[in-house]
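Beneath this line is the structure, given in structure tokens, with notes to follow.
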Amino acid sequence: MLDTTTDGGQERALAAAAVAGDRAAFEELIRLHGPALHRYARRMTRDADAVYDILQETFIAAWRQIGTFRGESTVRTWLFTICARKVVDSHRVKRAIPIDDRLIEPADPSPTSDPFASVSNEEFLDALEAALGELPPRQRAAWLLREVEELTFPQIGTILDLSPDSARGQHHRARATLQQRLQRWR
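Residue numbers (the UniProt record's numbering): 1 to 186.
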């Protein structure tokens with residue numbers, strides 16, 4: 001889970017300062033939420049070059065739209081909403097080119113680690129990545145936002161323009177498909 005080291009009040013103060021034109025406050029919001037946005041965009045788009053374009057477009061759009069931020073959701077949810085739209089836009093422009101993109105980067109094995117476990121973990125991660133890549137985009141997004149970013153279903157619904165129940169349904173279908181495809185590792 002992303003530890004922003006800020007409470008809601010401090011984050012809202014940064015957002016208010018950014019609305020007033022304080023670039024340093026906006027940069028702090030990006031510093032806090034940028035890594036999570038990068039993880040999300042990287043997993044939703046297989047074209048490594050597109051990830052940086054999506055992030056850049058997200059940050060530009062956020063800066064341009066900061067005056068419209070009303071505080072009805074958290075800044076994090078608002079930024080993820082913009083990023084999710086930029087991901088969809090990037091898929092409309094061109095189809096992503098599949099590249100090796102791991103859900104979780106495995107740690108370097110130590111000399112004392114179990115080689116069988118290491119190979120098995122890599123196989124699992126490869127299978128998980130392949131299974132995630134086969135999910136429909138909304139299911140993949142719902143699963144990543146819930147399981148990796150630990151967002152709530154109302155937040156996921158806001159980001160994906162779904163009701164909380166629809167977000168829960170997308171997550172449920174993704175989870176069921178992943179369980180079926182990853183049966184070997186149960």
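Every residue, glycine too, gets a C-beta built ideally from N, C-alpha and C.
Element boundaries [alpha helix (DSSP H), containing residue i]
| i | result |
| --- | --- |
| ALA24 | 23 to 44 |
| TRP63 | 48 to 65 |
| PHE153 | 153 to 160 |
| GLN180 | 164 to 181 |
Beta-carbon proximity of residue i to residue j, cut-off 8 Å
| i | j | result |
| --- | --- | --- |
| SER90 | ASP49 | no |
| PHE26 | ILE66 | yes |
| ARG181 | ALA131 | yes |
| GLU129 | ALA36 | no |
Outcome for residue i when other beta-carbon atoms lying within 10 angstroms are tallied against a minimum of 16
| i | result |
| --- | --- |
| ARG31 | exposed |
| ASP47 | buried |
| ILE60 | exposed |
| GLU122 | exposed |
Inter-residue CB distance, residue i and residue j (contact presumed, cutoff 8 Å)
| i | j | result |
| --- | --- | --- |
| LEU178 | GLN170 | Going by Cβ atoms, the distance from LEU178 to GLN170 rounds to 13 Å, so no, they are not a contact pair. |
| LEU144 | ILE159 | Not quite, the Cβ-Cβ distance comes to about 11 Å (not below 8 Å), so this is no contact. |
| HIS38 | VAL51 | 7 Å |
| residue 187 | LEU55 | Nothing about residue 187 can be reported from this structure: the residues present for the chain run from 1 to 186 only. |
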